[in-house]
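Below: the structure, in structure tokens.
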Amino acid sequence: MKKRCPECNIEVKGRSDKKFCSAKCKSIHQYENVQKQEVFYLMVDKQLKKNRRLLKKYNKSGYTTVRSKELLNDGFNPKYFTHYWKTKKGELYLFCYDFGFLSMNKNGVQKYLIVQWQDYMYN
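Numbering (the numbering used here), first residue to last: 86 to 208.
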């Protein structure tokens, strides 16, 4: 009985333990398995990167206030962040890598204060 490649169904030639007909088929198979197994990780990673990109885009001066609607409409999701920093006043900034945001209500309008990570925040 001849072996068939699980990816393209072509006959596999060579060693008796060989599973794929080519390196290309093996690579495709492994890539697809990773995509299936790591769906949640890839989705979270994608959202974290998107959040960071949007915070960076809106933070032109290092310290910016933006209406939350603007960020949310662009695909920002405040539930995804990498770490947090609590000020001495008790304010909690949520960070996506090196850009952080603080949810606040100013004059009845929901806004985010966007900051960039600073060395003094390590303490």
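Don't be surprised by glycine CBs; every beta carbon is placed ideally from N, CA and C.
Cβ-Cβ separation, residue j to residue i (assumed contact under 8 Å), whole Å
| i | j | result |
| --- | --- | --- |
| residue 167 | residue 180 | 6 Å |
| residue 147 | residue 201 | 5 Å |
For residue i, the three-state DSSP class (helix, strand or coil)
| i | result |
| --- | --- |
| residue 107 | coil |
| residue 138 | helix |
| residue 171 | strand |
| residue 97 | coil |
| residue 153 | helix |
| residue 188 | strand |
| residue 131 | helix |
| residue 164 | coil |
Alpha-carbon spacing of residue i relative to residue j, whole angstroms
| i | j | result |
| --- | --- | --- |
| residue 118 | residue 183 | 32 Å |
| residue 176 | residue 109 | 52 Å |
| residue 123 | residue 192 | 43 Å |
Neighbour-count burial assignment, residue i, 16 or more Cβ in a 10 Å radius
| i | result |
| --- | --- |
| residue 158 | exposed |
| residue 137 | buried |
Spatial neighbours of residue i in its chain, beta-carbon cut-off 7 Å, leaving aside the 5 residues before and after
| i | result |
| --- | --- |
| residue 170 | 178, 180, 185, 206 |
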